[in-house]
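Student: Okay, handing you the structure first.
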Amino acid sequence: MSTYTLSFAHLYGDLMNTYGDYGNFIAFNYYAKKIGVQTEYHLVSLDDKFDAEAFDFALFGGGQDYEESIVAEDLKYKVDDIKDYIENNGPLLAICGGFQLLGHYIEMADGSKVDGISVMDHYTTNMYQDNLTVLKGQRLTGNIVIKNNDTHEEYHGFENHQGRTFLGKDERALGTVISGNGNNGMDKTEGVIYKNVYGSYFHGPIFTRNGNLAKRLLVTSLERKYPGIDWHSQLEAIETESF
Ligand code: GLN
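When you read off a place in the sequence shown, starting at 1, and then add 763, the result is the number in this note's numbering.
What follows is the structure, encoded as structure tokens:
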């Protein structure tokens, strides 16, 4: 029996799981098991309490506009706990709709505006400027490659979103777009890093295609829960997979 256990929260995993975002847990779990770390999975959905103290890693996946607006209503009751978790350096992977909902607001494809929970400073519009024309509604879809500005690692994924996200204060991009659209198709940013929150438009899922990122979040989660152990070297020794 392992002495080390990480507890996962899957935020709204029954509603927000576009293109198998759950696969991020499978990849995370794969590397955890390789170094003898146990994992526990908890679905945290509508009407459930998100206990900020109870979790070592959280995933908030993508969804369609309809599901996103249902989740937005429920998030009003979880906002304080999610904020505590983030501000206490809780590791969180937020994909697409999940990423959008952590910011201030989202303009949906039909023009309606849904409030996010403003625990991060980005916002999402449904239009963009192309030369001098304001365009609405086109989806940003296709394969995407970005480069992380700290590690210079390349990440590969698939994006399919209508929302255009613009980063705010204290937020930096997960990477610079090499090919594809990214957060808004204009400023070459893709995703976000804020404290230990990693947001992205990448499906794929991002951790299965980019094992180096899965390992990075795993090290972050382990160092936070079990400091003083060289988790980094243990994971370095495990081959990085692309599933
Ligand atoms: N509904 C949102 C959009 O299209 C998010 C899509 C997603 O999560 N894949 O912008």
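For each residue, glycine too, the CB sits at the ideal point set by N, CA and C.
Using 7 Å as the threshold, is the C-beta distance between A790 and F818 below it?
Tutor: no
Student: What residue does the alpha helix (DSSP H) around A1000 start on, and which one ends it?
Tutor: Careful: A1000 lies outside any alpha helix (DSSP H) and carries neither H nor E.
Student: Could you give the residue range of the beta strand (DSSP E) that holds E922?
Tutor: E917 to H924
Student: Whose C-beta lies closer than 7 Å to the C-beta of H995 among residues of the same chain, with five residues either side of it excluded?
Tutor: Sequence-distant partners of H995 (beyond 5 residues in either direction) whose C-beta falls short of 7 Å from its own C-beta, in its chain, are V982.
Student: With DSSP collapsed to three states, give me the class of G783.
Tutor: For G783, the secondary structure class from DSSP, reduced to helix, strand or coil, is helix.
Student: So does the segment 860 to 868 actually touch the segment 768 to 784, counting three or more Cβ pairs closer than 8 Å?
Tutor: yes
Student: Exposed or buried, Y840, counting other C-beta atoms within 10 Å across all chains shown (16 or more means buried)?
Tutor: exposed
Student: Roughly how many angstroms separate the alpha carbons of M779 and A857, rounded to a whole number?
Tutor: The C-alpha of A857 is placed about 10 Å away from the C-alpha of M779.
Student: Looking at E934: is its Cβ nearer than 7 Å to the Cβ of V960?
Tutor: No, they are not a contact pair.
Student: According to DSSP, is G860 part of a helix, a strand, or is it coil?
Tutor: helix
Student: Does V806 pass the burial test, meaning 16 or more other C-beta atoms within 10 Å, or should it be called exposed?
Tutor: It is Leu, not Val, that sits at residue 806 in the sequence shown. Looking at its Cβ environment, which holds fewer than 16 other Cβ atoms inside 10 Å, L806 is exposed.
Student: Indicate the three-state DSSP secondary structure (helix, strand or coil) for E986 in the structure shown.
Tutor: helix
Student: Rounded to the nearest angstrom, what separates L895 and K951 at their Cα positions?
Tutor: Per-residue confidence for L895 stands at a pLDDT of 49, beneath the threshold of 50, marking its modelled position as unreliable; no derived number is given.
Student: Going by C-alpha distance, which of N973, T802 and Y785 is nearest S765?
Tutor: Minimum Cα distance to S765 is reached at T802.
Student: For the segment 796 to 884, which segments carrying the beta strand (DSSP E) assignment without a break, of at least 3 residues, lie completely within its bounds, in sequence order?
Tutor: 801 to 807, 820 to 823, 855 to 858, 868 to 870 and 876 to 878
Student: I think N912 touches T939, with their Cβ atoms under 8 Å apart; what is that distance to the nearest whole Å?
Tutor: The beta carbons of N912 and T939 sit about 6 Å from each other, so the pair counts as a contact at 8 Å.
Student: Out of G926, S963 and G962, state which residue places its alpha-carbon closest to the alpha-carbon of N947.
Tutor: G926
Student: Which two residues bound the contiguous alpha helix (DSSP H) that contains F970?
Tutor: I969 to R972
Student: Is the beta carbon of D828 within less than 6 Å of some heavy atom of ligand 3?
Tutor: Among the ligands modelled here, namely ligand 1, ligand 3 does not occur.
Student: Taking 6 Å as the cut-off, is the CB of Q925 close to at least one heavy atom of ligand 1?
Tutor: It does: the Cβ of Q925 is within 6 Å (strictly closer) of some heavy atom of ligand 1.
Student: Note down, in chain order, each residue of its chain lying with its Cβ closer than 6 Å to the Cβ of H919, except the 5 sequence neighbours on either side.
Tutor: Excluding residues within five positions, the ones whose Cβ falls inside 6 Å are V908 and R972.
Student: Which whole-angstrom value is the C-beta distance of E922 and G905, which I expect to be below 8 Å?
Tutor: 7 Å
Student: Would you kindly report the start and end of the unbroken beta strand (DSSP E) that includes A736?
Tutor: Outside the shown range of the chain, which is 764 to 1006, sits residue 736, and nothing can be said about it.
Student: Please report the distance separating the alpha-carbon of D784 from that of N851.
Tutor: 24 Å
Student: Heavy atom of ligand 1 less than 6 Å from the Cβ of G1072, yes or no?
Tutor: The shown model of the chain, from 764 to 1006, leaves out residue 1072, and the question about it has no answer.
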